[in-house]
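Notes for the one structure printed next.
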Amino acid sequence: MNLQNRRFITALATTLAVLTSAMPARAHAASQTETRNFYDVLGDLLSDFEYDLKNGSVSGLKDLAIRNIAMSENIPPSFRNHLELVVTEKILATTKTRVVQCLPCRARKATLNQDQILVTSAELNPNELARIAKAQGIENFMDLAFSFQPTGMVLSMTTADAATGSVVWSRSYNSETSRASAYRRGVDFSQMEASVKQNEYIPTLQYRGTISYLNEPDAGERSSCLSLGFRLVERYDNRKKEVGFELDYITDVRTLSGSPVESTTTDTGARIYGSFNMTMLFVHAWNLIGAEENYNQVRGTIVTGVGGTYASGYLGGVFRAGYEWRLAKHWAVSTTLGYRPKATTLITGTEKSVSGIEYGLGISALF
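For the sequence shown, the working numbering puts the final residue at 400, and the numbers step up evenly by one.
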């Protein structure tokens with residue numbers, strides 16, 4: 034082997050040795066780069082809490098005060114105030130909750146009993162807490178517990194009724210199972226939770242009572258009617274859609290007023306809505322509320338329905354559509370436009386065809 038080949042082999046061996054010795058250092062540097070920031074992980078937990086707030090999963094938020102904050106020993110005491118502020122920020126930014134700063138809840142009282150000094154706190158006295166809550170206008174308390182370990186962190190939250198002390202809502206957010214972290218990693222979180230959602234799903238039901246004026250096609254001339262309705266729907270798609278049933282009882286205003294009637298078209302026996310009747314509809318609604326519902330703004334809703342009306346001697350179908358304006362949280366004003374396909378009535382003993390357009394205006398109370 035000549036001198037030139039020896040020099041080449043020596044240089045190659047030296048290069049391989051250098052590269053091999055550098056690999057652990059590079060792997061260590063890569064692992065250091067992948068280490069996540071403490072506040073990034075905390076942000077994932079708070080994002081999960083914000084997600085629950087937007088979906089209405091958090092109960093007990095009316096006139097809220099943060100009462101206790103417990104932390105693991107490896108967390109500095111100054112972090113307690115930071116945690117309280119960021120949780121308060123999420124609540125105020127996402128909901129219309131009034132957050133009360135309850136300073137007397139954490140105050141300590143020192144009393145002298147003969148030769149002993151007793152230090153008491155309202156946190157350990159339910160009666161005193163209830164008195165303070167009533168004086169401060171607090172209806173719910175929130176307690177926080179934060180635990181941090183090198184492998185992850187857990188934020189536990191609980192809301193309780195201030196008057197009775199009963200727990201209203203409780204949940205723990207774990208960084209290892211964080212929804213925000215899963216999305217960041219590209220995980221299809223909806224597929225992961227499919228079975229859990231089916232087991233934990235709680236329907237959101239809405240009830241309403243409605244009084245309406247309707248102009249209806251009748252067996253003779255058209256009838257001016259009052260309608261009393263009850264609707265039960267289930268809200269889904271983050272309250273953007275509703276589906277359910279509606280029952281209406283329609284009565285002719287001439288029946289209520291007892292006004293004199295003529296023999297044929299206005300006789301009580303010749304009117305569909307002059308006696309007992311019932312209208313049943315299957316309804317579907319689309320709430321135009323944007324990304325989230327704001328009760329301080331007027332919201333529009335498009336409603337459709339299909340069903341039929343039963344009365345003595347009459348059975349006919351009806352198609353309805355309408356638009357309503359929801360005011361505040363519990364009130365709505367609605368317009369109705371419908372069509373009744375041709376049907377036959379035997380109210381007067383002779384066959385008569387009933388069909389035509391119905392229209393009206395109503396006021397609803399929502400619960």
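C-beta: ideal position from N, C-alpha, C; glycine also. The structure presented is a predicted model; accordingly, all values stated were derived computationally and were not measured.
Where residue i falls: helix, strand or coil (DSSP)
i: HIS115; result: helix
i: VAL366; result: strand
i: SER388; result: strand
i: GLN149; result: strand
i: LYS123; result: helix
i: SER154; result: strand
i: SER205; result: strand
i: THR237; result: strand
i: THR210; result: helix
i: ALA62; result: Unreliable positioning characterises ALA62 in this predicted model, as indicated by a pLDDT of 41, which lies under 50. The coordinate reading is nonetheless provided below. If DSSP states are grouped into helix, strand and coil, ALA62 belongs with the helices.
i: ILE244; result: strand
i: GLY333; result: strand
i: ASP300; result: For ASP300, the predicted model reports a pLDDT of 48, less than 50, meaning its position is unreliable; a value from the coordinates is still stated below. Note: ASP300 maps to coil in three-state DSSP.
i: GLY307; result: helix
i: GLY253; result: coil
i: LEU379; result: coil
i: PHE278; result: strand
i: THR130; result: coil
i: ARG373; result: strand
i: LYS402; result: The first residue shown for the chain is 34 and the last is 400, placing residue 402 beyond what the model contains.
i: ARG272; result: coil
i: PHE263; result: strand
i: ILE283; result: strand
i: PHE315; result: strand
i: ILE108; result: coil
Sequence-distant residues of the same chain with beta carbon closer than 8 angstroms to residue i, five excluded per side
i: ILE322; result: ARG272, LYS273, ARG332
i: ILE165; result: CYS135, PRO137, CYS138, ALA155, ILE171
i: GLN169; result: ALA98, VAL133, CYS135, PRO137
i: TYR328; result: LYS129, ALA361, LYS362
i: SER64; result: Because the pLDDT of SER64 is 43, which lies under 50, any placement of that residue in the model is unreliable, and the question is left without a value.
i: LEU259; result: ILE244, SER245, TYR246, LEU247, ILE283, THR284, VAL286, LEU289
Residue range of the beta strand (DSSP E) that includes residue i
i: ASP80; result: It should be noted that the sequence gives Ser, not Asp, for residue 80. Careful: SER80 lies outside any beta strand (DSSP E), inside the alpha helix (DSSP H) at 71-87.
i: GLU326; result: Segment: none, GLU326 is in no beta strand (DSSP E) and carries neither H nor E.
i: ALA98; result: 97-104
i: CYS138; result: Counting along the chain, CYS138 falls outside any beta strand (DSSP E), and DSSP gives it neither H nor E.
i: GLY198; result: From DSSP, GLY198 is part of no beta strand (DSSP E); its letter is neither H nor E.
i: VAL91; result: Careful: VAL91 lies outside any beta strand (DSSP E) and carries neither H nor E.
i: GLY350; result: 347-360
i: ASN173; result: 173-182
Alpha-carbon spacing of residue i relative to residue j, whole angstroms
i: ARG359; j: VAL366; result: 7 angstroms
i: THR243; j: GLY395; result: 7 angstroms
i: ASP270; j: HIS317; result: 13 angstroms
i: VAL351; j: SER256; result: 16 angstroms
i: SER199; j: TYR392; result: 49 angstroms
i: GLU275; j: GLN239; result: 9 angstroms
i: MET190; j: GLU267; result: 28 angstroms
i: PHE400; j: ASP85; result: 22 angstroms
i: THR288; j: THR237; result: 39 angstroms
i: PHE263; j: GLY355; result: 16 angstroms
i: LEU348; j: LEU379; result: 10 angstroms
i: THR368; j: GLU122; result: 40 angstroms
i: PRO250; j: THR337; result: 20 angstroms
i: SER296; j: GLY307; result: Note that SER296 scores 37 on pLDDT, short of 50, meaning its location in the model is unreliable and no value can be drawn from it.
i: ASN403; j: PRO183; result: The requested residue 403 does not occur in the structure, where the chain is confined to residues 34 to 400.
i: VAL387; j: LEU370; result: 17 angstroms
i: SER384; j: SER90; result: A quick correction: the sequence has Glu, not Ser, at residue 384. Approximately 56 angstroms, taken between the alpha carbons.
i: GLY389; j: ALA252; result: 11 angstroms
Residue i Cβ short of 7 angstroms to the ligand GTP heavy atom set
i: ASP73; result: Summarising the ligand content, the structure contains no ligands, and the ligand GTP is consequently not present.
Endpoints, the alpha helix (DSSP H) within which residue i is located
i: SER290; result: 286-290
i: GLU161; result: 159-169
Residues near residue i in its chain [Cβ-Cβ closer than 7 angstroms; skip 5 each side]
i: ALA398; result: ARG241, GLY242, HIS363, TRP364
i: THR181; result: Per the sequence presented here, residue 181 reads as Phe, with Thr not at that position. If we look at PHE181 and ignore the five residues flanking it on each side, its Cβ neighbours are SER105, ASN107, ILE108.
i: VAL339; result: LEU314, PHE315, PHE352
i: LEU125; result: VAL132
i: ASP96; result: ARG131, VAL133, GLY170, ILE171, GLU172, ASN173
i: GLY185; result: ASN207, SER208, GLU209
i: VAL74; result: MET186, SER208
i: GLY277; result: ARG264, LEU265, VAL266, GLU267, VAL316
i: THR127; result: GLU83, LEU86, LYS87
6 angstroms CB neighbourhood of residue i in its chain, flanking five on each side removed
i: GLU161; result: ALA155
i: VAL152; result: ARG141, ALA143
i: TYR282; result: LEU261
i: ARG100; result: CYS138, PHE174, ASP176
i: LEU188; result: LEU78, PHE179, TYR206
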